[in-house]
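Colleague: Take a look at the following structure, please.
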Amino acid sequence: MKRRPEPIRQLSTNPRQGVSLIEVLVSVMIMSIGVALLSTLLPISILRTAQATQLTQSVFLRNNAEAVIETSPNILNWVSVGSLGLIDPIGASIGMPKTLYGNTGAGSISRFPLPNPNGTPSISSESAQQIASLPDSWTDLFETNVVDYTSSPSQITVAKIPTTITPWNTNNSSNAKYRMILVDVTGRFAVIRSVLGVDTTTYALAWTDGTITEPNLPSGFVPIKARIEVQTRRFTWLMTVSKNSVPKYANDPFSWTSEIDVAVFFNRSFNVAEEQPLTLSLVSNGFDGKAGVAGVDDDGNGTTDDASEAGWPGSDDNRTVDVTGTPFLKKGSYMLEASLLKWYRIVDYPENSTTNPRLLLDRDLRTAASGTTPTGVFMKGIVEVYPLGVRTGQN
């Protein structure tokens, strides 16, 4: 039987040894485009995540503020009928001026704390922070070795205290809260105690101040390290209240309505300088520099953007203001107009303008009365301003 002859394989006379320079350059170009896109998207995603976190936390705090009004409606009684006021528990409790402007002159707006259960308008800083903030985080200060834990059932002695600590306790109610996380020799168990007393000479940290004493360490627990943390209440709120007399019937002159907004802050500085009002003046030709709606013959006189169209409904004329001074500016943040205690969102402003800037607001600016000079307060750290609607009551 004859074998079938094998097919003849034709060998390439020019075998491929690698890739060309053009192919390498094209690959590098494609990869660089991908890397550039990723490097652009990553910081944006981090920024959006941070913004989403702040907005989520601010909604929680807004609901807390509303709950305070629902459970303690008498807090609105501190604001007199026909006047404006701030409900600022933390600011009032830590000693900020009793008026918005830091003075008691005509037209000043009073700052009120939350009332104690006995009705007096005062409250401790600790209680105010619990009500008007979120206990959202603890920041590490330092870590040190535990030298002694047996000489006293309510304190430890550490190797060093590198940071000045003046903790909250019954004698220092306006100070920050500190805590210690004690870790045992195995590294598997930890105990948390508040820092209520500090001795910088002996390096002793106590969880008692003579009035408050937290439990002793568990039996058999041997701490070897201590991590000291401070509580940072980053999210806080402040209410603005506009109270008006609205009698329900002729013999009821004490009925009122209160229009309430709550501003939520992130890392509010509680700096009086940020509350100083700056003079505002309306710009007749608006932010776009054209009277009325730009490019439209609003009044039908055959001429577009003429002086007779200044302030035309739908234009940006009445929501464009010039600020006298150097305010804190951030697009999307807020300005508080002080004559009516109304919040306005800052939509736009020239990027290179810091002194005497021109602002575009989200709505027409209102003032208390004709001829009233409007003033704006620009606070740092505002995440969002939420309207809480109108509450009614009787004095």
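Residue numbers for the sequence shown, in our numbering: 15 to 409.
Note that the Cβ used here is the ideal one computed from N, Cα and C, for glycine as well.
Keep in mind it's a predicted model, so treat the numbers as computed, not measured.
(1) Let me know the secondary structure DSSP gives GLY211 once reduced to three states.
(2) Smallest Cα separation from SER269: which of ILE47, LEU90, ASP312?
(3) Residues in the same chain with beta-carbon distance under 7 Å from ASN230, minus the five sequence neighbours each way, listed in chain order, please.
(4) Return the bridge partner residues of VAL199 from the DSSP annotation.
(5) Measuring CA to CA, which of SER272, GLY316, GLN245, ILE179 is closest to TRP92?
(6) Identify, in the order they occur along the chain, each residue of the same chain with its Cβ nearer than 6 Å to the Cβ of VAL199, setting aside the five sequence neighbours on each side.
(7) Taking the alpha carbon of LEU374 as the point to measure from, which residue in THR334, ALA146, THR227 has its own alpha carbon closest?
(8) Pick out whichever of ASN332, THR227, ALA66 has its Cα sitting closest to the Cα of PHE207.
(9) Which residues does DSSP pair with ILE170 in a beta bridge?
(10) Going by DSSP, what residue range makes up the beta strand (DSSP E) through ILE242?
(11) DSSP three-state label for PRO87, please.
(12) In the DSSP assignment, find the alpha helix (DSSP H) that holds ILE104 and state where it starts and stops.
(13) Excluding the five sequence neighbours on either side, which residues of its own chain have a C-beta within less than 7 Å of the C-beta of PRO232, listed in chain order?
(14) Would you mind sorting ASP154 into buried or exposed? The rule is 16 or more other CB atoms within 10 Å of its CB.
(15) LEU379 and ASN315 - do their beta-carbons sit closer together than 8 Å?
(16) With VAL404 as the anchor, note down where its beta strand (DSSP E) starts and where it stops.
(17) Under the three-state reduction of DSSP, which class applies to PHE74: helix, strand or coil?
(18) May I ask you to report which of helix, strand or coil DSSP gives VAL352?
(19) Which of helix, strand or coil does DSSP assign to TRP92?
(20) Do GLU365 and PRO388 have their beta-carbon atoms positioned less than 8 Å apart in this structure?
(21) Can you tell me whether THR254 is buried or exposed? The criterion is at least 16 other CB atoms within 10 Å of its CB, across all chains shown.
(22) Between PRO341, THR317, ASP336, THR318, which lies nearest to GLN290 when the distance is taken from Cα to Cα?
(23) Within the same chain, show all residues whose beta-carbon is closer than 7 Å to that of ALA220, passing over the 5 residues directly before and after it, in chain order.
Modeller: Once the coordinates are examined:
(1) The count along the sequence shown starts at 1 and reaches residue 211 at position 197. Residue state, collapsed to three classes: strand.
(2) In the sequence shown, the residue the question calls residue 269 occupies position 255. Checking every option, the nearest Cα to that of SER269 belongs to LEU90.
(3) To locate residue 230, count along the sequence shown from 1; it is residue 216. Excluding positions up to five away in sequence, the list reads PRO167, SER168.
(4) As a first step, residue 199 must be located in the sequence shown, where it is residue number 185. According to the DSSP secondary-structure assignment, VAL199 is paired through a beta bridge with no residue.
(5) Numbered from 1 along the sequence shown, position 78 holds the residue referred to as residue 92. Checking every option, the nearest Cα to that of TRP92 belongs to SER272.
(6) As a first step, residue 199 is located in the sequence shown; it is residue number 185 there, counting from the start. Answer for VAL199: VAL236, ILE238, listed in chain order.
(7) As a first step, residue 374 must be located in the sequence shown, where it is residue number 360. It is THR334 whose Cα lies nearest to the Cα of LEU374.
(8) The residue you call residue 207 lines up with position 193 of the sequence shown. Per the sequence shown, the amino acid found at residue 207 is Arg instead of Phe. When only C-alpha atoms are compared, the closest one is THR227.
(9) Residue mapping note: residue 170 aligns to position 156 of the sequence shown, counting from 1. In the DSSP output, where bridge partners are listed per residue, ILE170 has LEU219.
(10) Start at 1 with the first residue of the sequence shown, and residue 242 comes out as number 228. Unbroken beta strand (DSSP E) run through ILE242: 237-246.
(11) Taking the first residue of the sequence shown as 1, we reach residue 87 at position 73. The answer is helix: DSSP assigns PRO87 an H, G or I state.
(12) On the sequence shown, residue 104 is found 90 positions in, with the first residue counted as 1. Note, ILE104: alpha helix (DSSP H), 103-107.
(13) By 1-based counting over the sequence shown, the position of residue 232 is 218. Closer than 7 Å at the Cβ level, and outside the excluded window around PRO232, lie VAL205.
(14) Along the sequence shown, read from residue 1 onward, the residue named residue 154 stands at position 140. It is exposed - the Cβ of ASP154 has fewer than 16 other Cβ atoms within 10 Å.
(15) Taking the first residue of the sequence shown as 1, we reach residue 315 at position 301. Taking the first residue of the sequence shown as 1, we reach residue 379 at position 365. The answer is no: Cβ separation not under 8 Å.
(16) Position 390 of the sequence shown holds residue 404. Looking at the DSSP string, the run of the beta strand (DSSP E) that includes VAL404 is 396-408.
(17) Here residue 74 refers to the residue found at position 60 of the sequence shown. Correct three-state label for PHE74: helix.
(18) Residue mapping note: residue 352 aligns to position 338 of the sequence shown, counting from 1. Correcting the residue type first, residue 352 is Ala in the shown sequence and not Val. The three-state reading of DSSP puts ALA352 in coil, since its state is none of H, G, I, E or B.
(19) Counted from its first residue, the sequence shown places residue 92 at position 78. TRP92: helix per DSSP, three-state reduction.
(20) The residue you call residue 388 lines up with position 374 of the sequence shown. The residue you call residue 365 lines up with position 351 of the sequence shown. With respect to GLU365, PRO388 sits apart: the two C-beta atoms are not nearer than 8 Å.
(21) By 1-based counting over the sequence shown, the position of residue 254 is 240. THR254 should be labelled buried.
(22) For the purposes of this step, residue 290 is taken as the residue at position 276 of the sequence shown. The candidate whose alpha carbon is nearest that of GLN290 is PRO341.
(23) By 1-based counting over the sequence shown, the position of residue 220 is 206. Within the same chain, Cβ atoms closer than 7 Å to the Cβ of ALA220 are found at SER168, GLN169, LEU210, GLY211, the five residues on either side in sequence being excluded.
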